[in-house]
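Read in order, the letters of the sequence shown correspond to residues 87 to 175 in this note's numbering.
For glycine and all other residues, C-beta sits at the position ideal for the given N, C-alpha and C.
Here's the structure, in C-alpha cells; my notes come after.
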Amino acid sequence: MAQEDDNKGHDETIRIVVNGTPHEVPKKDELTYVEVVTHAYPDYPQNPGATYSVTYTRGHNDRDGILSPGGTVKAKDGMAFRVNRTSES
C-alpha cells in the first residue's frame, strides 16, 4: 500500500518498455518514432542514415502496431516497443 501512496501525484510520467528495458517518459499525447528509437539506440541522432523497424504492443485498446519513420503513436503507460536496426546507408 505504501508504494501506491508514493506513486500518487506522479502523473507527469508514464512507463514504456523498449527492447525489454523500462523507461520513464514525460506523459503526453503521442510518442514519436525518433523518441522511441533513441531509447533503444542513444546514438540514433548521430546516425541519421541508419533505419529501424519499430513495432509495439499494449497500445490503446490493447492494439499492436508498427511505428513508421516520421510517425507517432498515442502514448499509453505500459506500452512495449521492439526496435531493430534494419540497415545503414
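- With a beta-carbon spacing of about 11 Å, Pro108 and Thr99 fall beyond the 8 Å limit used to define contacts.
- Minimum Cα-Cα distance from Lys114 among the listed residues Val103, Thr158, Phe167 corresponds to Thr158.
- By the Cβ rule, the segment 146 to 161 does not count as touching the segment 127 to 136, because fewer than three pairs are nearer than 8 Å.
- The Cβ-Cβ distance between Val104 and Val120 does not fall below 9 Å.
- Only residues of its own chain outside the window of five on either side were considered, and among them Tyr119 have a CB closer than 7 Å to the CB of Ser154, listed in chain order.
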